[in-house]
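**Student:**
Numbering (the numbering used here), first residue to last: 49 to 352.
Next up, the structure:
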């Protein structure tokens, strides 16, 4: 039963909890939790129209995960590359990668099952077949899935030895003064909120993010980030740790939607790896999606 403390005031309880639970529960799923009496404030069920006040602590009882029977679903996929060993897809913003509480289907895995049939590796487990690495629900961009265990092991090994590299673009809140920099700070589970990650002084895993400024705007910065490691929510946590959370990130940044976004403005733009069978270097890049370009337009003129 997670205990979640509100840092700010004014949000509706369903909006606040959907963000605080790391995006694993949609607002409608949170509303069901409230209706079922699973969200308590001072030991009493909270009202669904409750407005959060700073310092309030909510006890949330999450249901036990239901055993999910994966089904193939004909969901359109933007396939960037595909062969007998792997597939590279451009995941849209808003799509969950694999089934999770609140998202039992209509995930990338369901789409891959329909597209690839039984040709997906089993190493990822029952609900994550073929999944070598993940992207958050609201992060768009390139993702690799393995079609067999040989490819999955090889790609996972490249993740560990860092020969598989990923480049992201993001919009950060605030004006970043340095043209480039490196954030080297260990990341682990938040000490009081199991749905969040945090920079930890002790007990975290090594995490390194390199960033460079692409453009500056009034109050925002367009950045490019290269991951040296691949921790959960790494870019989001690291950028927040230096005072520049990602635009729209209501978990690690501002607690209200900005520029029409409920969720981080983050796109996995490029990926580079060694093909597991041929040994050839592979590199793929995808353009910024329409939502990202619209955000950039909304920021106005670039500044020096």
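Glycine is no exception: its CB is placed at the ideal position from the N, C-alpha and C atoms.
Could you give the distance in angstroms between the alpha-carbon of residue 271 and the alpha-carbon of residue 259?
**Tutor:** Going by the C-alpha atoms only, they are around 7 Å apart.
**Student:** With H, G and I counted as helix, E and B as strand and the rest as coil, what does DSSP make of residue 282?
**Tutor:** Helix at residue 282.
**Student:** What residue from 74, 167, 246 has the CA that sits closest to residue 232's CA?
**Tutor:** Answer by Cα proximity: 246.
**Student:** Could you spell out where the alpha helix (DSSP H) holding residue 138 opens and where it closes?
**Tutor:** Unbroken run through residue 138 is the beta strand (DSSP E), 134-139; no alpha helix (DSSP H).
**Student:** I'd like the span of the beta strand (DSSP E) that includes residue 224, first residue to last.
**Tutor:** Note, residue 224: premise wrong, no beta strand (DSSP E); not H, not E.
**Student:** Can you confirm whether the region 213-224 touches the region 309-316 when touching is taken to mean that 3 or more C-beta pairs between the two stretches lie within less than 8 Å?
**Tutor:** Yes: the two stretches touch, three or more of their Cβ pairs being nearer than 8 Å.
**Student:** How is residue 258 classed by DSSP in three states: helix, strand or coil?
**Tutor:** Of the three classes helix, strand and coil, the one that applies to residue 258 here is strand, per DSSP.
**Student:** Can you tell me where the beta strand (DSSP E) with residue 271 in it begins and where it stops?
**Tutor:** 268-275 is the span of the beta strand (DSSP E), which, as asked, contains residue 271.
**Student:** What three-state label does DSSP hand residue 208 in the structure shown?
**Tutor:** The answer is helix: DSSP assigns residue 208 an H, G or I state.
**Student:** Quick check: the Cα distance between residue 226 and residue 290, rounded to an integer number of angstroms?
**Tutor:** Rounded to whole angstroms, residue 226 to residue 290 spans 12 Å at the Cα level.
**Student:** Determine the extent of the beta strand (DSSP E) in which residue 102 is found, giving its start and end residues.
**Tutor:** Neither: residue 102 is in no beta strand (DSSP E) and is coded neither H nor E.
**Student:** In chain order, what residues of the same chain lie with their CB nearer than 7 Å to the CB of residue 383, ignoring the 5 residues before and after it?
**Tutor:** A query on residue 383 cannot be resolved here, the shown segment of the chain reaching from 49 to 352 and no further.
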